[in-house]
Amino acid sequence: MALLTSLLALNPEIEKYSSLNKNSIKVETLLYEEELIDLKSTYHFTGIEKNDKSDLLKIQIFHLFNSPDKTTRISSDVLSQCYLFIDNLYPSVIEQLDFDNVYSTPYGTVVFDWEKDVDNAFSLEIGAKELGYFIEVNGTDNKQVDSLNFQESKNELLKDLSSFLSA
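Just so you know, numbering that gives the first Met the number 0 puts 18 at position 19 of the sequence shown, and the rest follows in order with no gaps.
This is the structure:
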């Protein structure tokens, strides 16, 4: 009987050995995965990854800055303001923007239009120092704001845009 129980019982040395090997494999895997995560975030923050829709939007606006056509060209101040605005947008807001609805005006400003349909639109115009926007809901003007400084009114603007898109 003693022989049978010793054969059926697990050897503590074998359990210890397998436990040590399992733990060391887990530790190596965790370290390896952490290194991968660090590399991804490093590439993301250094700007090497350029698949973002916001990056494509910035490229489109940069083309307006470099345009050979004087009627569509924007100044470096307008370009800077547009970049600042884009950097403050959530990716979900940019996803709802049709790139055909981003264009320059003869005044040298850039217009961003979010249109749900013909009667529902949020239109933002960015100039060198100020911006303005209006919200149209069901064919009537819901709100119109002129001559704002982006830094001072950023929260109000982004809240209005988010409310419009989520409604």
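The beta carbon of each residue, even a glycine, is placed where N, CA and C say it ideally should be.
For V110, the closest C-alpha among the options L63, N148, E155 is that of L63.
Between the region 92–103 and the region 135–147, the count of C-beta pairs closer than 8 angstroms stays below three; the two stretches do not touch. Annotation note: the region 89–118 contains the following uninterrupted alpha helix (DSSP H) runs of length 4 or greater, listed N- to C-terminal: 90–94.
In terms of Cβ geometry, I125 and T108 form a close pair [threshold 9 angstroms]. Listed in chain order, the non-local C-beta contacts of V101 below 8 angstroms within the same chain comprise L56, Q59, I60, V109, V110, F111, D112, local neighbours out to five positions each way being set aside. Assignment of E129 by DSSP, reduced to helix, strand and coil, places it in the coil class. In the three-state reduction of the DSSP assignment, N137 falls in the coil class, being assigned neither a helical nor a strand state. If you draw a straight line from the Cα of Y82 to the Cα of S162, it is about 22 angstroms long.
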